[in-house]
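Report on the following structure.
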Ligand code: MLC
Ligand code: AMP
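Numbering (the working numbering), first residue to last: 1252 to 1747.
Below, the structure is given as structure tokens:
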């Protein structure tokens, strides 16, 4: 894989850093070779064995990911904050037999691994070893499995090949003019493409320096580092810009000026993974003089549309197709719109080397998500004065909260196990900070009561923080149409 050849070339340059240490490209190669040798145990090729790993941002994460790739396996990054039932779903779906864990995740995963007969290896216990042979990683080989929510119940495993990853990275390196003297913070979660591909893999491919935030996004640490002019590139989701604006407004004038100068000195600041309200784009520009570059992507396709590096970055728009990405809009009846037809909405469909191979073990779902070789994103857009603008999603059952994609049906199915809940309907409700928050209308079992705090606490044991309902409405019965189907539009109005 070209990434490893480049890393040999970057050799002793700093790849990762934090307040305590600097890790070179040579260190990453050495640590990942150990992981690969340990996995191979004398064999020549893992032949696409799925190997899971759980680690915060740092050397161990990269050692696991690169080690699995170098040995010929499929890397399955786990959400370090997920609940046990969520991790169990990933492990069962992939038939995982081996898992690497950072020490901080060990206690959580131990019982689950024992129960499923998964061999868990801690970062510190990978023995020093080298391998004299690594398999060739052809473009068509499967490389990674990431879980993403769809309109069906549980998240599906999205499989991308080495060729997909190479195409996803190389288009961004060119479009956003990545340079080896770039420096970028990595505070986004590392079980989704924004953190994995756009920040980590692009950064390492380019030979840049990445500051790792093992604890995730933390406002004071980020603002402090920015005030020290540590970064040249910054990538975040809209919720983070909203939180930064609120925090900057609270600083005294002198402190605010220091942080804002750090932001204005960067060569590039990007927003994506959810809609960036034009209001936030404008507020950010007023505060920092930075014109945010908004782009659009998806787990299944990497990045597809982007405002330009040079030229107009239009608030509320996601720009034009990235090089190597073909985009078309199609109406609900399948009619494909002419490429330059303006002001007529349609579903975004994508054809590109960046588009994933398959949903793991779900040939029907994979087939249904393509039409004539074009991937159906489920997102509606319109072309306006040469730029695409995202209008929303085809399905009300997909929610984006804090830029996490959530399935209303998955949350409903989990909530139905609560003893007080007879029926429920989950919707996303607009929110200034989170984009949308999860809201649930509930019809109770007779003789039961329920309040939001109690529901949150119970739900927190079943599902990740961002899926937990933030709003609750108790109803006698759920709104339904004449056919008896729950009308989510009416459910939404309950929260207006
Ligand atoms: C957390 N909280 C929420 C919430 N998440 N409240 C409502 N809705 C949510 N979704 C609450 C917590 O319960 C807590 O409340 C408080 O907010 C702070 O929680 P936190 O966990 O500390 O939040 P924070 O760390 O600030 O998280 C915000 C965030 C995070 C934006 C940094 O959500 C994040 O990293 N999102 C990025 C997701 C991502 O990478 N998506 C990309 C997918 S790939 P209390 O009461 O305890 O204070 C993709 C393709 C593409 O989309 O195009 O890139
Ligand atoms: P995920 O499945 O987590 O990769 O999320 C992908 C989804 O995020 C897309 O299908 C869109 O709905 C949404 N998305 C990503 N970028 C943007 C953006 N710039 N504007 C609006 N929605 C976006």
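Ideal placement from N, C-alpha and C gives every residue a C-beta, glycine not left out.
Coarse secondary structure for residue i, derived from DSSP in three states
| i | result |
| --- | --- |
| residue 1715 | coil |
| residue 1694 | strand |
| residue 1289 | helix |
| residue 1526 | coil |
| residue 1741 | helix |
| residue 1376 | helix |
| residue 1601 | strand |
| residue 1639 | strand |
| residue 1704 | helix |
| residue 1315 | helix |
| residue 1301 | strand |
| residue 1335 | helix |
| residue 1323 | coil |
| residue 1492 | helix |
| residue 1439 | coil |
| residue 1456 | helix |
| residue 1262 | coil |
| residue 1709 | helix |
| residue 1552 | coil |
| residue 1623 | coil |
| residue 1547 | strand |
| residue 1340 | helix |
| residue 1253 | helix |
| residue 1425 | helix |
| residue 1673 | strand |
| residue 1689 | strand |
Status (buried if at least 16 other CB within 10 Å, exposed otherwise) for residue i
| i | result |
| --- | --- |
| residue 1252 | buried |
| residue 1457 | buried |
| residue 1735 | exposed |
| residue 1500 | exposed |
| residue 1283 | buried |
| residue 1532 | buried |
| residue 1486 | buried |
| residue 1684 | exposed |
| residue 1714 | buried |
| residue 1592 | exposed |
| residue 1260 | exposed |
| residue 1744 | exposed |
| residue 1316 | buried |
| residue 1368 | exposed |
| residue 1560 | exposed |
| residue 1278 | buried |
| residue 1699 | exposed |
| residue 1665 | buried |
| residue 1437 | buried |
| residue 1667 | exposed |
| residue 1219 | Lying outside 1252 to 1747, the shown extent of the chain, residue 1219 is not represented and no answer is given. |
Any non-hydrogen atom of the ligand AMP within 7 Å of residue i CB
| i | result |
| --- | --- |
| residue 1569 | yes |
| residue 1662 | no |
| residue 1641 | yes |
| residue 1293 | no |
Residue i: CB within 7 Å of a non-hydrogen atom of the ligand MLC
| i | result |
| --- | --- |
| residue 1439 | yes |
| residue 1685 | yes |
| residue 1653 | yes |
| residue 1312 | no |
| residue 1407 | no |
| residue 1627 | no |
| residue 1714 | no |
| residue 1605 | no |
Alpha carbon of residue i to alpha carbon of residue j, nearest angstrom
| i | j | result |
| --- | --- | --- |
| residue 1547 | residue 1657 | 17 Å |
| residue 1678 | residue 1703 | 15 Å |
| residue 1580 | residue 1383 | 49 Å |
| residue 1507 | residue 1477 | 11 Å |
| residue 1724 | residue 1740 | 14 Å |
| residue 1673 | residue 1695 | 5 Å |
| residue 1638 | residue 1727 | 46 Å |
| residue 1276 | residue 1572 | 32 Å |
| residue 1413 | residue 1608 | 10 Å |
| residue 1304 | residue 1328 | 5 Å |
| residue 1653 | residue 1733 | 35 Å |
| residue 1484 | residue 1543 | 11 Å |
Minimum Cβ-Cβ distance from residue i to chain C less than 8 Å
| i | result |
| --- | --- |
| residue 1706 | Going by chain labels, chain C is absent from the structure shown, which holds only one protein chain. |
query: Does the count of Cβ pairs from the segment 1555-1562 and the segment 1437-1452 closer than 8 Å reach three?
result: Look at the beta carbons and you see the segment 1555-1562 not touching the segment 1437-1452: under three pairs across the two are nearer than 8 Å.
- request: State whether the segment 1487-1495 contacts the segment 1510-1529, with contact taken as three or more CB pairs (one from each stretch) at a distance under 8 Å.
  value: Verdict: yes, contact present.
query: Can at least three beta-carbon pairs, one atom from the segment 1372-1389 and one from the segment 1588-1606, be found at a separation below 8 Å?
result: no
- prompt: Any contact of the segment 1394-1412 with the segment 1538-1552, i.e. 3+ C-beta pairs under 8 Å?
  reply: yes
task: Count the C-beta pairs between the segment 1265-1278 and the segment 1286-1293 that are closer than 8 Å, then say yes if the count reaches three, no if not.
output: As far as the Cβ criterion goes, the segment 1265-1278 does not touch the segment 1286-1293, which means the pair count is below three.
- prompt: Should the segment 1633-1653 be regarded as contacting the segment 1440-1447, the criterion being three or more beta carbon pairs within less than 8 Å?
  reply: Two segments are said to touch when three or more pairs of C-beta atoms, one from each, lie closer than 8 Å; by this definition the segment 1633-1653 does not touch the segment 1440-1447.
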